[in-house]
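J.: There's a structure below that I have some questions on.
Protein chains: 4
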Amino acid sequence: MTKRELIMDAAASLFAEKGFYAATVEEIADRAGIGKSTVYEYFPSKEHLFRETLKGGLESYMEAMKGRLKQPCSVRDVLTAIGTAHFNFIQKRTSAARILAGENSSQSPWADELLLQLRERRITMFSSLLSQGIERGEFRRVDSRAAAEVFLGVLGVLCMPVLRGGEDDKKGAAERFYHGIDIFFSGILDQE
Amino acid sequence: MTKRELIMDAAASLFAEKGFYAATVEEIADRAGIGKSTVYEYFPSKEHLFRETLKGGLESYMEAMKGRLKQPCSVRDVLTAIGTAHFNFIQKRTSAARILAGENSSQSPWADELLLQLRERRITMFSSLLSQGIERGEFRRVDSRAAAEVFLGVLGVLCMPVLRGGEDDKKGAAERFYHGIDIFFSGILDQE
Amino acid sequence: MTKRELIMDAAASLFAEKGFYAATVEEIADRAGIGKSTVYEYFPSKEHLFRETLKGGLESYMEAMKGRLKQPCSVRDVLTAIGTAHFNFIQKRTSAARILAGENSSQSPWADELLLQLRERRITMFSSLLSQGIERGEFRRVDSRAAAEVFLGVLGVLCMPVLRGGEDDKKGAAERFYHGIDIFFSGILDQE
Amino acid sequence: MTKRELIMDAAASLFAEKGFYAATVEEIADRAGIGKSTVYEYFPSKEHLFRETLKGGLESYMEAMKGRLKQPCSVRDVLTAIGTAHFNFIQKRTSAARILAGENSSQSPWADELLLQLRERRITMFSSLLSQGIERGEFRRVDSRAAAEVFLGVLGVLCMPVLRGGEDDKKGAAERFYHGIDIFFSGILDQE
DNA sequence: TATGAATGAGTTTTCATTCAT
DNA sequence: GATGAATGAAAACTCATTCAT
Chain B
50 MTKRELIMDA
60 AASLFAEKGF
70 YAATVEEIAD
80 RAGIGKSTVY
90 EYFPSKEHLF
100 RETLKGGLES
110 YMEAMKGRLK
120 QPCSVRDVLT
130 AIGTAHFNFI
140 QKRTSAARIL
150 AGENSSQSPW
160 ADELLLQLRE
170 RRITMFSSLL
180 SQGIERGEFR
190 RVDSRAAAEV
200 FLGVLGVLCM
210 PVLRGGEDDK
220 KGAAERFYHG
230 IDIFFSGILD
240 QE
Chain H
50 MTKRELIMDA
60 AASLFAEKGF
70 YAATVEEIAD
80 RAGIGKSTVY
90 EYFPSKEHLF
100 RETLKGGLES
110 YMEAMKGRLK
120 QPCSVRDVLT
130 AIGTAHFNFI
140 QKRTSAARIL
150 AGENSSQSPW
160 ADELLLQLRE
170 RRITMFSSLL
180 SQGIERGEFR
190 RVDSRAAAEV
200 FLGVLGVLCM
210 PVLRGGEDDK
220 KGAAERFYHG
230 IDIFFSGILD
240 QE
Chain L
50 MTKRELIMDA
60 AASLFAEKGF
70 YAATVEEIAD
80 RAGIGKSTVY
90 EYFPSKEHLF
100 RETLKGGLES
110 YMEAMKGRLK
120 QPCSVRDVLT
130 AIGTAHFNFI
140 QKRTSAARIL
150 AGENSSQSPW
160 ADELLLQLRE
170 RRITMFSSLL
180 SQGIERGEFR
190 RVDSRAAAEV
200 FLGVLGVLCM
210 PVLRGGEDDK
220 KGAAERFYHG
230 IDIFFSGILD
240 QE
Chain X
50 MTKRELIMDA
60 AASLFAEKGF
70 YAATVEEIAD
80 RAGIGKSTVY
90 EYFPSKEHLF
100 RETLKGGLES
110 YMEAMKGRLK
120 QPCSVRDVLT
130 AIGTAHFNFI
140 QKRTSAARIL
150 AGENSSQSPW
160 ADELLLQLRE
170 RRITMFSSLL
180 SQGIERGEFR
190 RVDSRAAAEV
200 FLGVLGVLCM
210 PVLRGGEDDK
220 KGAAERFYHG
230 IDIFFSGILD
240 QE
């Protein structure tokens, strides 16, 4: 692992744990097992380091989503696959995910913007899938933007337990995750 | 308005805008129109001030939810009423809401805890309502915890546009909000 | 003496002794007998502090020159009076003078500019006096700009011994000073 | 050109531009087109490098002055020749000259000392020439030390325009230079 | 010999908090 | 109470210097 990666990993985990401000460059360096000023050999400032961390997380998230989109099956299946990919990403790259999850509480103005962009991209993606599904007759004629937002929110909340402390309840989390996705598709009303 | 309230208001808006770290005590005092050290007459530390701000937002949120629960009508209507109350709260007390929305990106460890508690309380409430609804036959037999989480998430995302910059698109936001709630109840599948 | 002045004095003497870079804010604060961060209550940065120091020296220099210009006597006397004022200033406000003397060796780009401006103002002043003297027939028809520069240089070098360490040789310095001025007026050639 | 010279040249120009502190070893290495630590193969420290640069400038300055002294002509001519040599040196080796010109604004305590020594040597030289001239009856009986200082100062100021930015006004500078020298010899008084 | 990489010591700057009035 | 002024502790950042190759 290159030293740059070492630093980014340390940074990612600390930013995830404590946020941008509370994490100090010294801690990051310590966790990376290097001297404080070495950080500055690789990143011109703490802010740049955070930005890179963010971008890294973002890229690897987008990567994780790849290939889920063009399977020749129902849109419902595609969305479920995306959900699965999302859930897996959260489990494997928890600290990256934690940083990406901080849509609110501005860590810094430009971070907000990047995260907002991510949000928009995801909503656009979902929205277009949902439109497809509607055209194909899979889904009823809902407002695809609203539905996309809902899907986004559902993915978000359902992963929160994992983002929190928890190694503990992985199975439960997964189950509830799929149950939640199901509710998104079928609603909760009793419609016999 | 008492001086204490003056401070808390200033604090709430600044914490909402910039987060706990980036907001300085001096700015807060300035915005409140008082001297910097006066803040310390009313709050022992910046952290306490934040805590109080948080608690204040929390209380007024709980207050806003009150009375929505015991109407003699369908559980669906109760949940919708809660959604409405939530949406109205977000619009009227945007900065309080912004602070409460920062579930992720820890501003401070104990803040996380408080917000986690709020989350739990809300889930419990929703969950119990959903159980009621299931018993009454209004809803199908979903996992009420999972459904509660989903409902929470739906309320969250749908309010984000309002929490962001936006005075702009209030009507659109409201429409999409109710559309989203509807999706929660009915799902998106075409089930003729 | 106000605290601001206390700081500026400490700063002036340290900047004079060691230059902008080698003088640390901590030393300045120590010499002023205050805490390091107090400096920042009065000046937004070390650079600003330096700038103010410079400006202060500049103003008090210009002040010291005032009133020397409009005496109803020969231009030679006016120039000599200016020389005297200059010499006295150097002796009374040695550290301010030392800073102003640093025309070369850039302490910082904008400092250079300020000092260059001072140089220009002085040359202009001398030049105009010299032109007067020429018109009146006191001086021969020299290039007034060149002569002004020479006068400036003469004032400068002749004061250097005082700017250096020396309490030691005050009388000698004064004597040589006036002797030097005389050379400026009469040259060194033997012209009987 | 040896690597040592490469480094010294780069150092000279950077020290001239920015002063001792603002010039970094890295920049110097970059400008010399070598690796940073190679500098340390040739010079034990930045300070030593500066010292060498200074000494180099000093030597080449002394070199430039050589041979001007023993011509069998008037002392006035010798001094003028020295002035010319000085002026030429300033134009050809501007950055070395800039460093040597920084008599004031201490870049470092020992640098001050070296420059002070240079100053003394030059004054001694001028002073002895002037004494000769007085004995020969070329000059009137001035204090030769004072006159030497004045000559030094005159050479200094008159070269400043060249040391500043200026490729622009070379002819004007040269003219004013000789005019200034003339003033040193003849004074400015009208002595018909 | 040459150098990229690493770093420790030191510097500026920030800001919550205290204290005298 | 209310507050301006003062500050210590901590944080980001710089850079000359060293070291392994």
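Chains as they are written, first to last, in my numbering: chain B, 50 to 241; chain H, 50 to 241; chain L, 50 to 241; chain X, 50 to 241. Backbone N, C-alpha and C define an ideal beta-carbon position, used for all residues, glycine too. Predicted model only: the values in this text are computed from it and were never measured.
Please compile the residues from chain L whose C-beta is within a distance smaller than 7 Å of the C-beta of X:Glu-54.
T.: Under the 7 Å cutoff, chain L gives no residues; its nearest Cβ is about 23 Å from X:Glu-54.
J.: Please report how far the alpha carbon of L:Ser-109 lies from the alpha carbon of L:Val-206, in whole angstroms.
T.: If I take the Cα positions, the gap works out to 20 Å.
J.: So B:Met-57 and B:Gly-105 are supposed to be a Cβ contact under 8 Å. How far apart are they, rounded?
T.: Correct: roughly 6 Å between the Cβ atoms.
J.: Can you look up B:Phe-188 in the DSSP assignment and give me helix, strand or coil?
T.: In the structure shown, B:Phe-188 sits in a strand (DSSP, three-state: E or B).
J.: Using only the alpha-carbon positions, how far apart do B:Ile-172 and B:Leu-98 sit?
T.: Taking the straight line from one Cα to the other gives about 27 Å.
J.: Can you tell me the Cβ-Cβ gap for H:Arg-194 and B:Arg-213, rounded? I've got them flagged as a contact below 8 Å.
T.: Not really, about 15 Å apart at Cβ, beyond 8 Å.
J.: Rounded C-beta distance between B:Tyr-91 and B:Lys-52? I'm assuming under 8 Å.
T.: That belief holds up - the Cβ atoms of B:Tyr-91 and B:Lys-52 are roughly 7 Å apart, short of 8 Å.
J.: Using a C-beta to C-beta distance shorter than 9 Å, which residues of chain X count as neighbours of L:Glu-198?
T.: Simply Val-203, Val-206, Leu-207, Met-209, Pro-210, Arg-225, Gly-229.
J.: With distances taken between CB atoms, is the gap from B:Gly-202 to H:Gly-202 smaller than 7 Å?
T.: Yes. Within cutoff.
J.: Using 7 Å as the limit for Cβ to Cβ distance, is H:Ala-195 near chain B?
T.: Taking Cβ atoms only, chain B reaches closer than 7 Å to H:Ala-195, which makes this a yes.
J.: Any Cβ of chain B within less than 7 Å of the Cβ of H:Phe-188?
T.: Answer yes: the Cβ-Cβ gap between H:Phe-188 and chain B drops below 7 Å somewhere.
J.: Note the first and the last residue of the continuous alpha helix (DSSP H) segment covering H:Thr-87.
T.: That residue, H:Thr-87, is in no alpha helix (DSSP H); it is neither H nor E in DSSP.
J.: Between X:Gly-229 and the rest of its own chain, which residues show a CB-CB distance below 7 Å, the 5 nearest in sequence each way excluded?
T.: For X:Gly-229, where only same-chain residues beyond five positions count, the Cβ hits under 7 Å are Val-203, Leu-207.
J.: State yes or no: is the beta carbon of H:Asp-239 nearer than 7 Å to at least one beta carbon in chain B?
T.: H:Asp-239 counts as touching chain B.
J.: Which chain X residues sit within Cβ distance under 8 Å of L:Ile-232?
T.: What L:Ile-232 touches in chain X: Val-191, Ala-195, Ala-196, Val-199, Phe-233, Gly-236.
J.: I'd like the span of the alpha helix (DSSP H) that includes H:Gln-240, first residue to last.
T.: No alpha helix (DSSP H) contains H:Gln-240, which DSSP labels as neither H nor E.
J.: With a Cβ-Cβ cutoff of 7 Å, do B:Arg-189 and H:Asp-239 count as a contact?
T.: Cβ distance < 7 Å, so B:Arg-189 and H:Asp-239 count as in contact.
J.: If the cut-off is 9 Å on Cβ atoms, which residues from the region 69–82 of chain L count as contacting chain X, listed in chain order?
T.: Flagged, chain order: Phe-69, Tyr-70, Ala-71.
J.: Can you tell which of B:Ala-160, B:Leu-55, B:Ala-72 has the C-alpha that lies nearest to the C-alpha of B:Gly-82?
T.: The shortest Cα separation from B:Gly-82 among B:Ala-160, B:Leu-55, B:Ala-72 belongs to B:Leu-55.
J.: Please determine, among B:Ile-139, B:Glu-112, B:Ala-60, the residue with the shortest C-alpha to C-alpha distance to B:Tyr-89.
T.: The candidate whose alpha carbon is nearest that of B:Tyr-89 is B:Ala-60.
J.: Nearest-angstrom Cα distance between B:Gly-68 and H:Lys-95?
T.: Going from the Cα of B:Gly-68 to the Cα of H:Lys-95 covers about 18 Å.
J.: Given that a residue counts as buried once 16 or more other Cβ atoms are within 10 Å of its Cβ, and exposed if not, what is X:Gly-132?
T.: The residue is buried, with at least 16 neighbouring Cβ atoms inside 10 Å.
J.: Since I believe B:Leu-149 is in contact with B:Leu-167 (beta carbons under 8 Å), could you give me their beta-carbon distance rounded to a whole number of angstroms?
T.: Sure, about 7 Å apart at Cβ, within 8 Å.
J.: My parser needs the beta strand (DSSP E) runs of 3 or more residues fully inside the region 112–168 of chain X; what are they?
T.: DSSP runs (the beta strand (DSSP E)) wholly in the region 112–168 of chain X: none.
J.: To which residues of the same chain is B:Pro-210 closer than 7 Å at the C-beta, ignoring the five residues directly before and after it?
T.: The residues are Asp-218, Ala-222.
J.: Is the Cβ-Cβ distance between X:Ala-197 and X:Phe-175 less than 7 Å?
T.: Yes, the Cβ-Cβ distance between X:Ala-197 and X:Phe-175 is below 7 Å.
J.: My assumption, with CB atoms under 8 Å, is that H:Arg-147 sits in contact with H:Ala-65. Please give the rounded CB distance.
T.: Going by Cβ atoms, the distance from H:Arg-147 to H:Ala-65 rounds to 4 Å, so yes, they are a contact pair.
J.: Looking at the secondary structure, which residues open and close the alpha helix (DSSP H) in which H:Met-50 lies?
T.: Unbroken run through H:Met-50: none, as it is neither H nor E.
J.: Cβ atoms of B:Glu-101 and B:Lys-85: under 7 Å apart, would you say?
T.: No; because the gap between Cβ atoms is not below 7 Å, this pair is not in contact.
J.: Taking 6 Å as the limit between beta carbons, can you name the residues of its chain near X:Ser-62, skipping five residues before and five after?
T.: Same-chain partners within the cutoff: Ser-144.
J.: Can you grab the Cα-Cα spacing for the pair X:Val-127 / L:Ile-77, in whole Å?
T.: So the two alpha carbons sit approximately 48 Å from each other.
J.: Straight-line CA distance for B:Val-124 to H:Asp-192?
T.: Their backbone Cα atoms lie some 24 Å apart in a straight line.
J.: Assuming contact is defined by CB atoms lying nearer than 7 Å, are B:Ala-113 and B:Phe-136 in contact in what I supplied?
T.: Cβ atoms of B:Ala-113 and B:Phe-136: not closer than 7 Å.
J.: What are the boundary residues of the alpha helix (DSSP H) that H:Glu-210 is part of?
T.: Here residue 210 of chain H is Pro; the residue named in the question, Glu, does not match the sequence. 193–212 is the extent of the alpha helix (DSSP H) around H:Pro-210.
J.: Mind checking B:Ser-177: buried by the 16 CB within 10 Å criterion, or exposed?
T.: B:Ser-177 comes out exposed.
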